[in-house]
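For the sequence shown, this note's numbering gives the first residue as 906, with consecutive numbering after it. C-beta: ideal position from N, C-alpha, C; glycine also. All of these numbers come straight from a predicted model, not from anything done at the bench.
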Amino acid sequence: MTTRTRTNTPDEVTIREDGTKSTRVHLKRACNGCGQYLGDVADWDVDDRGELTDVRGECQHCKPLVEAEAAGARTWELLPRNIASVDNAIDRYGVFAKGYWQFVDGKNTVVGLRIGTGEDRVVARFGDWIIRHPDGTWAVHAAPKEAQR
906 MTTRTRTNTP
916 DEVTIREDGT
926 KSTRVHLKRA
936 CNGCGQYLGD
946 VADWDVDDRG
956 ELTDVRGECQ
966 HCKPLVEAEA
976 AGARTWELLP
986 RNIASVDNAI
996 DRYGVFAKGY
1006 WQFVDGKNTV
1016 VGLRIGTGED
1026 RVVARFGDWI
1036 IRHPDGTWAV
1046 HAAPKEAQR
């Protein structure tokens, strides 16, 4: 594996003679997993088909997910738009899963997914990553506090 160094060039603000400001912005790359900024966009961020490459391995927050996947784990990012498909995928493993509810603004609202029963159950909230390890155990990788999504 090639080690790459990503630069992180700050934006440059120039004040003209007339007092107006000009800002040169450097395009930044965000992590595919959590959306945190990683640094400047680089040549390796786009593949031969013009698709963005997976840079989660560069992200301190998402690197453990990449390592778990390399070890054979299955992962899902839980979002409101995919909760039904994630729930169905978990059900196919024969594991009980259902919406996790909390009161939000005075209303009982689904805020995530409860996986398993009893003491072994885990709760993932929207934005968290659900991990099914090769040994059949489940874990949750919490979304970063400053997630930009």
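Sorted by chain position, which residues of the same chain lie with C-beta nearer than 7 angstroms to Thr1001's C-beta, five sequence neighbours on each side aside?
The question names Thr, but residue 1001 is Phe in the sequence shown. If we look at Phe1001 and ignore the five residues flanking it on each side, its Cβ neighbours are Gly1021 and Thr1022.
Give me the Cα-Cα distance between Asn937 and Gly1004, rounded to the nearest whole angstrom.
25 angstroms
Is the beta carbon of His966 less than 7 angstroms from the beta carbon of Pro1049?
yes
Exposed or buried, which one is Asp1033 when buried takes at least 16 other CB atoms within 10 Å?
buried
Please name the residue or residues paired with Val1009 in a DSSP beta bridge.
Lys1012
Please state whether DSSP places Lys968 in a helix, a strand or coil.
helix
What does a CB cutoff of less than 6 angstroms around Trp1044 pick up in its chain, not counting 5 residues either side in sequence?
With the sequence shown as reference, residue 1044 is identified as Ala, and Trp is not the correct amino acid for it. Excluding residues within five positions, the ones whose Cβ falls inside 6 angstroms are Ile1036.
Residue of Arg986, Asp959 and Asn987 minimising C-alpha distance to Glu974
Asp959
Between Leu984 and chain B, is the shortest Cβ-Cβ distance under 7 angstroms, so that the two count as touching?
Of the chains in the structure shown, none is chain B; there is only one protein chain.
Straight-line Cα distance separating Trp1006 from Asn993:
18 angstroms
Given a cut-off of 7 angstroms on the beta-carbon distance, is the pair His931 and Thr914 in contact?
yes
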